[in-house]
Every structure is written in C-alpha cells, then in structure tokens.
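As structure tokens, the structure follows; a few thoughts come after it.
Protein chains in written order, with our numbering: chain A, -9 to 424; chain B, 30 to 193.
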C-alpha cells in the first residue's frame, strides 16, 4: 500500500463543538495534523482581536482548519463519492488543501500583515513548498504533491471543482467559520442548515452547483454571512483593538529604525522590520510571542509604545465616531494639527479605519469572469444563477456596505491639560464636525 | 489618512482616465509587482489576479465624488470609464505626494489592451516559476483565451521594459 492510500489501524476522532466529531482515517492527514506547522495554528486565534469584545472567541485557526477538513471529507466521501462528474483521484489533494489552507497566517493575521506588507497566502505556499515538516509529509505522497496542494489553495489548480470546494462563494471554509465563529462568540446569527446544503451539492463540469431544492438553505447561509460580517467581524470595538495593535507594531518599527535603545529589544521582530526574515523566523512568531512583548513593553521609556501596549493588554481601547471621508477629509487634516498642538501625536492617536462587505455578487459588467456565482441545478438539468430565482438574495446582490470610523483616545482629551484645544477637538469629533 | 484612496486617485489622474474595470485591476496589480506601494491585496480569482479591496476602494471613491464612472456601450458589451473629478483633483492635492516615480509607467500600461494586461498580470502572478513553467501555468489557468506565442513573447518583453 502506498503512503497516499495508507489508512490508520483505527479511525481517530476529535470532539468538535460544531461538527460533533472530526474523523481521520488517512495516515497522511494524521501526520499533517501532528506536524509543527499545523500545531502552530493552535497559537493563532481565528478571530484576532474579537475576543476583546466576545469573550468566548478564543478559538484558534487549528480548530477551524480541522473543521474545514471535516466538511470537505464529508463532501468527498459521502456526497460526491461515486458520482461520475467527480474525480475520485482528487480526494487526497482536496483533503490536504482543506486542512492546510490557513497555514500561512501570522499572529493577529490581518494587523500583522498590514504593518509588514505580508500576504498569508504567499506564506502558506512557502510553508508547503519550503523546508518544513508539512512539506516532508506531502513529498512522501509524491514529489509534485506539495505543488498540487499549493495550487489548490492559490486557486490556480486545473480542476476547478476542487478549487471551488475550498474557495468560492459557498465553500467549506466559509461554512465552517460562520458556524464556528457564531458558536464561540455566542451570537445567534451564523447558524444555517449546513446538512441540507451538503446533501444538495453536486459536482458539475468545472464547478460545484446546488440542487434548486436547496435554495432556501443557501439563502439562509447568505443572510447568516451578511449578519456575521456586520455583527461580529466588523465590530467597531474589535476594530479599535486592531488599530492599536497595528500602531504598536508601527511604533516598535519606527523606534528601532531611529536607533532607540529598547529595555526589551524587539529581537523577534528585527528581521521583519527590514523585511529580511526567513521562513523559520516567520514560523517562530505566534500570538504568545507578541503578547509577551506587549506586556514587557508596557514599561518601556517611550511613552507612546508603553501607552499603546497598556491599552491593548488591559483593554483601554480607543473611542470612535463615524465620519464621511468624502466630505470631511480636509477636517481630518485640521484635526491632526489640533492633536499636534495638544501634544498628542496624531500618527498614533487619530486613526481612520474603513471596512466594507459585499454579501453576494454574481455579475458586474467588465468583471464578468472574476467571481464564480452560486449556480442552482434545476430539475430539468438547466443551470440558473442564484439571485435570478431568490428574491432575498437578489435584494442584497452587488450591494456593498461600507463603514468609516475615526478612532481616538477619549480620556487624553479630558485630562485637564491644554483644555481649550482639547475642547475644540472634542467639539469637532462629537458635534458632527467630522 | 486616506492615503490608500489617494494613491488610486493619483494613478487614474496620471493615466488620464482608465477604461475597463478589468483593465484597472490588472494595471494596479502590475504596478504592485513593480514594487509601487499600492495597498490593495490581490488573490487569484479563478481567471487571474483580482483585488476585492481595489473594487471596494474604487466604489468608495465614486461614492465620495472623487472618481466618475461612465458607462460606455461598445455594442456587444459595456465598459466603465473612470476619471478623476474636480473634487478628486482637490483631494489628490490635499492628500500629498504621488507615489508614481515615473508617470510614463501609467501611460505605458494604459496604452495596452485589457487582454494584453490580463496576460501580463497572469505571467507576473507566476513569476516565482521559471519562464517555461509560467507559460505552462498560463495555458492551464487561461486556456480558453488561447494566447499565442507572439503575445506571450511580447508580454515578457513588456515586463522587462517596465522593470528597467
């Protein structure tokens, strides 16, 4: 028996609050789960700073990766198995891609990526193809197997059905994270009938379609996604924590560049500051390392770094107001000058942040081929795009919602120093001046 | 603040308008690959590098009144033309310096067709591979477009030209 088809003597099961059990029979999958790089995902939270708002949201990318694997395993082994349109030889590559799709995430994923101009997908590829335990395991399947897995995750793989299972508008990744994040945050929005969706999924040509009888379950999934984005993922307080996190990393980088003598030198970050880091150094960073630095930096001599770290560790977050950048961008400049006059550095204490989401999109002139829509399989074999049949989905299709916030440290504006300027700032912030 | 928005406005102003959403997507992607610091994150979206963040930012700029979006009917298809409004020019001025060291780059990109830029962007997406592997991958992901050997040679030459 080859390594690719080797089974464990006994099936392993993981208890999981979302899928009840996660089943592992393949030796390859078991070995991958036990690799250093997959275990590292236990030390990276799935929802970044959201735990500062939803205290239950401490779950990791490891949980989520197992969940995506389990959904794809069920689709491959139970739903698609035996169907002529599904190529059974793709089973192992799609299972590995599901398990490994988030391997490249760094600590506090998006904040870290923004400050150091990184792309976690690029690091997923580097981990799969570089000198890692994961690569060694995949190489044992075949020499081109790591590349195949990397191509599925990068969406450049030749079999588009396989890509669609991991990445499309209705994929295993989203189906897991919506339910998992809803469970751990304790909100009631993210739930939908995944069992029903899985039962009506069908491989067809170069895509995965949904039998039209499952349309209402898909509607529920789309609405769940919409609610989760605005109620959980874009929560303004979690964004406040993210803003502070970004500013801590930016400040440490700036201090390092200026020759500042740290009491606790940023040893683990130095190669990130000058972009010279190796894959090994990338993998050595996790949220435990960052949090340790933040705790130690709370007593640094630099008042800005110390203050920002204290804010993050002790959840003394920035306040926020809505603003309209189209109308107010000049006033932002005025505000920045007032902050400066009040002795508060606007680079670190006056921060604009925007976020937007498109709940479902199927067609946009000039970008026709960029998004794969959700297609319904009609009883007569015809294919119809979801929003043509669903009034609910049609109502939100192509409609982007954007939210702009301006973050600032409210208590520094009422601390009794330079009160006239601070009063002017507060009036601009709170009375619609911005 | 709003520097990401300002960079897009600056680029479209320098290019004196851009016709075609796909073309704009590929132009910014190519610029990023030339190390011009645009912030938008790209992913491979089935048919090529594509940035949801760029699409969002352009929509926001239209809503803010800094870009205008005009629909051009080309008979069998429609295209959107983006240009910078007077308010957008003011925004560009207030927000500061251009990141485009060489405005000619914008002009060169704008002079190419959407199809050619799609080809160039896709080759650049696979630039960690050797030349033959890039070409093989291009045919896998864009087989339906039937790019010819001449077009591919021209795209490689164009990449070289942009990099020098």
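All C-beta atoms in this analysis are idealised placements derived from N, C-alpha and C, irrespective of residue type, glycine included.
Alpha-carbon spacing of residue i relative to residue j, whole angstroms
| i | j | result |
| --- | --- | --- |
| residue 121(B) | residue 299(A) | 34 angstroms |
| residue 328(A) | residue 408(A) | 11 angstroms |
| residue 142(B) | residue 52(B) | 8 angstroms |
| residue 423(A) | residue 179(B) | Low per-residue confidence applies at residue 423(A): pLDDT is 48, beneath 50, and the placement is therefore not dependable enough to give any value. |
| residue 371(A) | residue 73(A) | 16 angstroms |
| residue 115(A) | residue 351(A) | 28 angstroms |
| residue 344(A) | residue 420(A) | 19 angstroms |
| residue 200(A) | residue 401(A) | 53 angstroms |
| residue 77(B) | residue 30(A) | 31 angstroms |
| residue 197(A) | residue 173(B) | 16 angstroms |
| residue 193(A) | residue 152(A) | 9 angstroms |
| residue 107(A) | residue 0(A) | 44 angstroms |
| residue 108(B) | residue 48(B) | 7 angstroms |
| residue 56(A) | residue 310(A) | 36 angstroms |
| residue 218(A) | residue 177(B) | 46 angstroms |
| residue -2(A) | residue 228(A) | 42 angstroms |
| residue 248(A) | residue 131(B) | 29 angstroms |
| residue 214(A) | residue 79(B) | 25 angstroms |
| residue 167(A) | residue 54(A) | 6 angstroms |
| residue 413(A) | residue 36(A) | 40 angstroms |
DSSP-derived helix/strand/coil call for residue i
| i | result |
| --- | --- |
| residue 425(A) | As displayed, chain A neither begins before -9 nor continues past 424, which places residue 425(A) out of reach and without an answer. |
| residue 274(A) | helix |
| residue 232(A) | helix |
| residue 79(A) | helix |
| residue 344(A) | strand |
| residue 221(A) | helix |
| residue 423(A) | At residue 423(A) the pLDDT is 48, less than 50, meaning the model places this residue with poor confidence and gives no usable figure here. |
| residue 191(A) | strand |
| residue 339(A) | helix |
| residue 164(B) | helix |
| residue 393(A) | strand |
Beta carbon proximity, residue i to chain B, threshold 8 angstroms
| i | result |
| --- | --- |
| residue 324(A) | no |
| residue 407(A) | no |
| residue 469(A) | Look at the range of chain A in this structure, -9 to 424, and you will see that residue 469(A) is not part of it. |
| residue 389(A) | no |
| residue 266(A) | no |
| residue 395(A) | no |
| residue 377(A) | no |
| residue 140(A) | no |
| residue 315(A) | yes |
| residue 342(A) | yes |
| residue 320(A) | yes |
| residue 145(A) | yes |
| residue 392(A) | yes |
Closest Cα partner of residue i within the set the options
| i | options | result |
| --- | --- | --- |
| residue 222(A) | 313(A), 347(A), 259(A), 104(A) | 347(A) |
| residue 139(B) | 33(B), 50(B), 31(B) | 50(B) |
| residue 210(A) | 392(A), 14(A), 165(A), 388(A) | 165(A) |
| residue 87(A) | 68(A), 63(A), 105(A), 97(A) | 63(A) |
| residue 394(A) | 133(B), 99(B), 85(B) | 85(B) |
| residue 262(A) | 150(A), 237(A), 178(A), 105(A) | 105(A) |
| residue 318(A) | 81(B), 93(B), 189(B) | 93(B) |
| residue 316(A) | 183(B), 115(B), 145(B), 187(B) | 115(B) |
| residue 403(A) | 415(A), 304(A), 17(A) | 415(A) |
| residue 185(A) | 271(A), 69(A), 286(A) | 69(A) |
| residue 406(A) | 110(A), 382(A), 333(A) | 333(A) |
| residue 132(A) | 246(A), -7(A), 163(A) | -7(A) |
| residue 339(A) | 61(A), 237(A), 387(A) | 237(A) |
| residue 80(A) | 67(A), 325(A), 384(A), 33(A) | 67(A) |
| residue 38(B) | 74(B), 151(B), 98(B), 72(B) | 98(B) |
| residue 206(A) | -9(A), 376(A), 390(A), 2(A) | 376(A) |
| residue 99(A) | 239(A), 386(A), 418(A) | 239(A) |
Distance cut-off 7 angstroms: residue i Cβ against heavy atoms of the ligand MN
| i | result |
| --- | --- |
| residue 288(A) | The ligand MN is not part of this structure, which contains no ligands at all. |
Closer than 8 angstroms to chain A by CB, residue i
| i | result |
| --- | --- |
| residue 74(B) | yes |
| residue 55(B) | no |
| residue 170(B) | yes |
| residue 160(B) | no |
| residue 85(B) | yes |
| residue 31(B) | yes |
| residue 113(B) | no |
| residue 145(B) | no |
| residue 165(B) | no |
| residue 120(B) | yes |
| residue 36(B) | no |
Minimum Cβ-Cβ distance from residue i to chain E less than 8 angstroms
| i | result |
| --- | --- |
| residue 148(A) | Looking for chain E here will not work: the only protein chains present are A and B. |
If we count Cβ pairs, one from each stretch, closer than 8 angstroms, do we get three or more for the region 42 to 50 of chain A versus the region 161 to 179 of chain A? yes
Across the region 283 to 301 of chain A and the region 114 to 129 of chain A, are there enough close Cβ pairs to call them in contact, namely three or more that are closer than 8 angstroms? no
Inspect the CB distances between the region 274 to 281 of chain A and the region -1 to 16 of chain A and report whether three or more fall short of 8 angstroms. no
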